[in-house]
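So the sequence shown is residues 1 to 248, counted in full-length UniProt numbering.
All residues carry an ideal CB built from backbone N, CA and C; glycine is no exception.
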Amino acid sequence: MDNYTYSELLKSLQNKCDNIALIIKPEKIKQELERIEKEQEDPNFWQDVLKARDTNKEKVRLNRLLETYQKTKNSLDESVELFELAQNDNDEITLSLLYEEAPTLEHSVQKVEIEIMLSGENDASNAIITIQPGAGGTESQDWASILYRMYLRWAERRGFKSEILDYQDGEEAGIKGVAFIIKGENAYGYLKNENGVHRLVRISPFDANAKRHTSFASVQISPELDDDIDIEIDEKDVRYDYYRASGA
1 MDNYTYSELL
11 KSLQNKCDNI
21 ALIIKPEKIK
31 QELERIEKEQ
41 EDPNFWQDVL
51 KARDTNKEKV
61 RLNRLLETYQ
71 KTKNSLDESV
81 ELFELAQNDN
91 DEITLSLLYE
101 EAPTLEHSVQ
111 KVEIEIMLSG
121 ENDASNAIIT
131 IQPGAGGTES
141 QDWASILYRM
151 YLRWAERRGF
161 KSEILDYQDG
171 EEAGIKGVAF
181 IIKGENAYGY
191 LKNENGVHRL
201 VRISPFDANA
211 KRHTSFASVQ
221 ISPELDDDID
231 IEIDEKDVRY
241 DYYRASGA
């Protein structure tokens with residue numbers, strides 16, 4: 001890396017940080033945290049346990065987002081300042097250290113970007129995954145099994161835990177279906193875009209004529225919700241059906 005490349009990297013990261021600030025609005029986050037803290041000081045705060053729990057979760061999320069952003073921005077500002085001083089003084093040692101730390105600085109900005117992307121209502125939840133092979137017998141069942149192993153390896157590499165909820169072996173190979181849960185912070189947020197039908201085109205290992213086959217498998221991703229979730233059903237949405245048993 002040279003001075004020009006590093007300078008361009010800093011400009012790019014500064015632009016990203018500016019865009020992040022426009023999205024998350026740090027000052028508004030601080031105001032919201034102050035509001036939550038005042039709300040928590042109310043003696044009646046814990047009377048509504050569900051609301052109090054959700055408020056605490058939101059406070060943790062906002063604190064984490066703000067701290068991650070501020071830490072990254074401070075590191076970036078320090079790097080910009082050091083780079084200018086090192087250039088003026090022809091300090092090759094400092095420049096070399098800055099170049100070495102460039103990937104870490106870039107990763108810090110990417111981490112904030114990910115935090116923003118994973119700020120949906122259920123993104124922090126565990127993920128329940130259901131995989132069903134499409135039509136195609138052994139081919140699709142094998143493809144479903146490949147997807148299953150892929151998600152397990154992904155979870156393992158991230159340090160997440162997995163637990164099988166339901167599993168059916170295929171007739172010759174693969175699986176007829178599987179449901180499992182991946183437990184870890186933001187598991188659902190990371191996986192939610194996997195929802196849908198996945199396709200594989202390959203030379204079939206199960207075809208003696210070595211023909212190309214297209215296999216399909218359906219992947220459904222759902223967040224794990226708390227057991228004490230508050231569900232309200234409107235009376236007008238309820239229908240009552242009455243049946244009379246016929247006698248002999």
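- By the criterion of a C-beta distance shorter than 8 Å, Leu85 is surrounded in its chain by Asp91 and Thr94, once the five residues flanking it on both sides are discounted.
- Here Asn186 has Leu118, Asp123 and Ala124 as same chain residues with Cβ atoms under 6 Å from its own Cβ, once five neighbours each way along the sequence are excluded.
- If only complete runs of 3 or more residues are kept, the region 196-241 shows the beta strand (DSSP E) at 196-203 and 212-223, in order along the chain.
- When only Cα atoms are considered, Lys57 and Arg64 end up about 11 Å apart.
- In summary, Trp143 is buried, with 16 or more beta-carbon neighbours lying within 10 Å of its beta-carbon over all protein chains present.
- Judged by DSSP in its simplified three-state form, Tyr167 adopts strand.
- Under the three-state reduction of DSSP, Lys25 is assigned to coil, being neither helix nor strand.
- Glu106 and Glu34 have their C-alpha atoms spaced approximately 31 Å apart.
- Straight through space, the alpha carbons of Leu13 and Leu22 are spaced by roughly 14 Å.
- Here Thr130 is bridged, per DSSP, to Ala179 and Gln220.
- Taking a cut-off of 8 Å for Cβ pairs, the region 108-115 and the region 143-160 do not touch, as fewer than three such pairs fall below it.
- Beta-bridge annotation (DSSP): Lys192 is not paired with any residue.
- Take Tyr148, set aside five residues on each side of it, and the residues of its chain with a beta-carbon closer than 7 Å to its own are Ile131, Ile175 and Val178, in chain order.
- If you compare the alpha carbons of Asp237, Thr5, Ile203 and Glu67 with that of Arg212, the shortest gap goes to Ile203.
- Annotation: the continuous alpha helix (DSSP H) that includes Asp142 extends over Thr138 to Arg157.
- Look at Ser162 here: in three-state DSSP terms it is strand.
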